[in-house]
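Numbering (the working numbering), first residue to last: 1 to 723. All remarks here apply to the structure that follows.
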Amino acid sequence: MNIKVEETITLKTENSQLTIGVLESGYVSLLYFGKKISVNNVGYIVEDIERVSYLADTDGKKDFKLEQIPQVYPAYGNPDLRSPAHKEIYGNGTRISDFRYASHSLVKEKPELNHLPHTQSDKKTETLLLTLRDKLTKNEIVITISAFEDYDMFSQSVKFINNSTETVQIEEMMSLNLDLLTDKLDLITLTGAWGRENTISRRRLEQGIQGIDSKRGASGHGQNPFIALVSPEANELSGHVIGCNLIYSGNFKACVEVDMHQNSRLQIGINPFEFSWALKPNESFDTPEVVFVTTENGLNDMSQKFHRFYIDCLLQSKYAKEERPVLLNCWEATYFDFDKEILIQLADEAKSLGIELFVVDDGWFGNRQDDTSSLGDWFPNEEKLGNLSELIKEIKSKGLSFGIWLEPEMVSPDSELYRRHPEWAIAAPGRFQQKVRHQYVLDLTNKEVQQYLIETIDKLLTENAIDYVKWDMNRNITDAYTLTLPADRQKEFSHRYILGLYNILTEITQKHPDVLFESCAGGGGRFDPGMLYYMPQTWTSDNTDAIARLSIQKGTSLIYPPISMGCHISSSPNHQVGRITPLLTRQIVAQQGNVGYEINLNKLSIQEKEEIKEFISEYKAYRNTIQLGKHYRLPVYDEQNEEAWMKKNLSGNEIIVSHVDILTKPNTAPKRLKLIDLEPKTDYLINNKDKKTGDELMQIGLALPKPQHDYFSCQWIIQKLGV
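Below you can see the structure in the form of structure tokens.
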């Protein structure tokens with residue numbers, strides 16, 4: 001094709017490489033993204049592309065087909081008729097722009113991103129600042145791409161700068177665009193619903209647009225802001241993988257477009273649905289940051305890169321690398337029906353079993369007797385609790401830490417706050433005000449609301465010795481409208497809501513750095529990197545059934561580190577699905593993340609209490625490996641009926657292997673379970689009895705016991721010898 005690459009720019013990590021080419025026309029092309037190679041000058045990749053018919057020439061230049069070129073950040077209105085990465089409306093009504101190379105620089109640092117959660121690193125990091133300019137309007141787009149050498153990770157965010165003399169209306173602005181010269185790929189996303197979040201979905205790419213999005217005002221139960229493209233043969237242990245995760249908690253879009261000529265365009269960013277942003281002269285707009293990675297070593301390798309990177313470079317909490325406590329949350333034990341005496345009894349039982357943190361969930365505040373009132377009235381219900389500080393003091397005297405539940409973004413119609421400020425609740429003028437779970441959502445675009453929540457929560461945490469906060473959000477946003485914006489700027493609402501939330505979280509977490517915060521949104525309805533930036537763990541799902549949790553926690557582990565996942569043991573029969581499961585299985589499944597209990601300890605048998613006490617003691621001995629070690633999803637023989645996983649501490653001398661059979665089958669002989677990533681010639685001791693070499697365990701595997709009943713589980717503790 002009639003094109004020439006004038007300059008190449010390369011970013012490299014330990015094993016990966018991203019190379020960009022500046023064409024003689026000024027367009028910027030993604031030449032290569034994949035395994036690190038020995039050369040940087042790969043402009044021939046696009047120079048060698050043969051033209052195809054029925055595509056427009058570019059710049060009047062014969063056989064220069066922009067639609068065939070893999071671009072870095074494509075605009076709208078030029079001869080590339082695939083989906084643009086950004087689109088604006090200008091003063092004369094046109095939506096056409098033409099951004100081409102202006103300049104670039106390379107710096108040895110990771111720049112911060114104002115008012116948005118972002119990654120940071122003090123290790124080897126190189127950042128490309130690539131500036132594109134529209135000659136007609138003088139507007140600029142600055143693409144910031146960072147390569148984290150030691151982590152094998154990349155990140156990108158984009159800034160639009162209005163250098164013109166008129167207001168520009170941004171209609172769409174993706175955080176990342178990856179053009180790939182193939183469609184021989186599978187698409188992996190995380191989908192589901194309340195109670196079955198983060199289910200792994202995999203399908204082959206086909207011509208057209210495919211992907212996921214959220215329009216709910218949060219990242220959502222039904223989808224996660226993650227997308228991956230993998231080679232068709234890729235599995236947990238091998239194969240080409242590209243994974244992308246958006247650091248954002250609101251409406252998002254992640255999609256892949258396959259064009260007429262078997263090329264793929266991946267995009268992820270703020271959902272353009274019902275979005276726009278008025279940008280006045282000399283103002284700028286920043287997209288959320290996206291983290292992305294490529295590997296040839298399968299999904300486990302992708303996951304471990306995300307896990308380590310997020311722990312080291314995303315989580316801002318002082319607890320990011322600290323072992324998390326075993327907690328008892330009283331919700332499923334009492335629901336709203338509790339008083340001080342009941343709580344003290346539960347705390348006594350919790351302490352006797354080795355539990356470290358006691359959490360009072362919904363129902364402690366205002367006049368809250370059920371879910372119909374008092375959200376927004378964040379002062380203690382003294383009829384239930386007596387003096388909150390005295391309750392906390394008594395529980396702490398037993399050697400327990402104390403935690404509490406909040407839902408700050410919500411307000412009940414039957415509350416003192418709503419009676420004082422009905423205008424603070426989101427509502428569309430003249431329309432019926434929709435309630436979900438008997439509650440409205442506060443308008444976090446309103447700075448008065450933000451300040452009220454900051455001051456109220458700060459007062460609660462300052463006046464009471466609270467160690468842990470569970471921050472919940474139990475409904476999504478309807479009637480999206482705000483009194484703080486004029487009619488022609490209402491499409492800014494959803495993004496401004498998230499910016500308001502981030503402002504509140506910044507203030508609260510900085511004022512109270514010693515409080516351990518856990519994010520929740522009816523379970524995993526906002527399990528995303530944006531929330532993890534402020535709160536280092538998330539309640540993975542309101543569904544605490546061990547068998548349902550297998551797929552939920554497996555999908556979540558694709559991206560998010562085990563130490564970020566709240567995994568609790570609950571009653572049997574389970575309160576969400578009614579399933580009856582063995583206590584051992586419930587406890588083993590919870591060991592995929594941060595172990596806690598949602599159970600009425602007072603109703604347990606002596607045998608169950610002894611089993612829990614022994615389990616907690618053993619868990620504490622291996623907690624560092626479980627929470628901060630490497631997490632591997634192990635291949636199993638029957639993927640529909642088994643799950644297995646392995647934990648290995650960072651030094652490699654302690655390994656925990658877990659396996660769960662779901663339904664027992666008649667007349668079957670169990671297969672063996674092969675381990676991965678061990679030292680082949682090194683001896684390992686299994687459950688303090690059997691000795692095997694690493695290559696035996698990887699090539700032959702562990703003998704699985706024959707299941708004795710449904711929901712049968714087993715576990716092995718393995719030590720490396722000769723340490």
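We treat Cβ as the ideally placed atom computed from N, Cα and C, and that holds for glycine. No experiment lies behind these values; they were computed from the predicted model shown.
Secondary structure at Ile616: helix, using DSSP grouped into helix, strand and coil.
Here His118 is buried. Its C-beta has 16 or more other C-beta atoms within 10 Å. For Asp528 and Pro582, the gap between their C-alpha atoms comes out near 31 Å. Within the stretch 87 to 162, complete beta strand (DSSP E) segments of at least 3 residues are found at 99 to 107, 125 to 134, 140 to 148, 153 to 161, given in chain order. Val660: member of the beta strand (DSSP E) spanning 654 to 661, first to last residue. Residue pairing by DSSP leaves Met260 without any beta bridge partner. Annotation for Asn602: Gln345, Leu346, Glu349 place their beta carbon closer than 7 Å to its own, counting only its chain and skipping 5 residues before and after. In the three-state reduction of the DSSP assignment, Arg489 falls in the helix class. Runs of the beta strand (DSSP E) spanning 3 or more residues and lying entirely within the stretch 308 to 364 occur at 327 to 329, 357 to 360, in chain order. By DSSP's assignment, Val577 forms no beta bridge with any residue.
DSSP places His495 within a helical segment (H, G or I) once states are collapsed to three. Per the coordinates, the alpha-carbon of Gln450 lies some 10 Å from the alpha-carbon of Thr456. For the options Lys384, Glu383, Gly363, Tyr468, the alpha carbon positioned closest to that of Gly376 is the one of Gly363. The way I'd put it, the stretch 28 to 35 does touch the stretch 2 to 20; three or more beta-carbon pairs between them come closer than 8 Å. At a Cβ-Cβ threshold of 8 Å, Ile242 and Phe306 do not count as neighbours. A straight-line Cα-Cα distance of about 47 Å links Glu382 and Val657. DSSP links Leu442 through a beta bridge to Ala425. A Cβ-Cβ distance of about 6 Å is found for the pair Leu400 and Lys351, placing them in contact under the 8 Å criterion. A distance below 6 Å between beta-carbons, with the five flanking residues on each side excluded, links Tyr151 to the following residues of its chain, in chain order: Phe309. Non-local C-beta neighbours of Phe712 in its own chain, meaning closer than 6 Å and more than five positions away in sequence, comprise Asp661, ordered along the chain.
Rounded to whole angstroms, His659 and Asn594 show a C-alpha spacing of 18 Å. For Pro380, the beta-bridge partners assigned by DSSP are Phe365. Under the three-state reduction of DSSP, Val230 is assigned to strand. Spanning the alpha carbons of Ile547 and Arg496 requires a straight line of approximately 38 Å. Its chain contains Thr540, Arg549, Gln553, Val589, Ala590, Gln591, Gln592, Gly593, Asn594, Val595, Gly596 as the residues whose beta carbon lies nearer than 8 Å to that of Cys567, once the 5 sequence neighbours on both sides are disregarded; these appear in chain order. Nearest C-alpha to Ile580 among Thr544, Ser53, Gln699, Ala703: Thr544. DSSP places Lys393 in the helix class (H, G or I) of the three-state scheme. In the structure shown, Gly555 falls within a helical segment according to DSSP collapsed to helix, strand and coil.
The Cβ atoms of Gly403 and Lys470 lie closer than 8 Å to each other.
Counting only runs of 3 or more residues that sit fully inside the stretch 496 to 524, the beta strand (DSSP E) segments are 516 to 519, in chain order. Note that the stretch 315 to 323 does not touch the stretch 276 to 292; fewer than 3 beta-carbon pairs, one per stretch, sit closer than 8 Å. If you draw a straight line from the Cα of Ile170 to the Cα of His575, it is about 46 Å long. By the neighbour-count definition (other C-beta atoms within 10 Å, threshold 16), Leu106 is an exposed residue. Taking a 10 Å sphere around the C-beta of Thr182, we find fewer than 16 other C-beta atoms and assign the residue as exposed. Lys689 sits in coil when the DSSP states are folded into three classes, being neither helix nor strand.
In the structure shown, Lys609 falls within a helical segment according to DSSP collapsed to helix, strand and coil.
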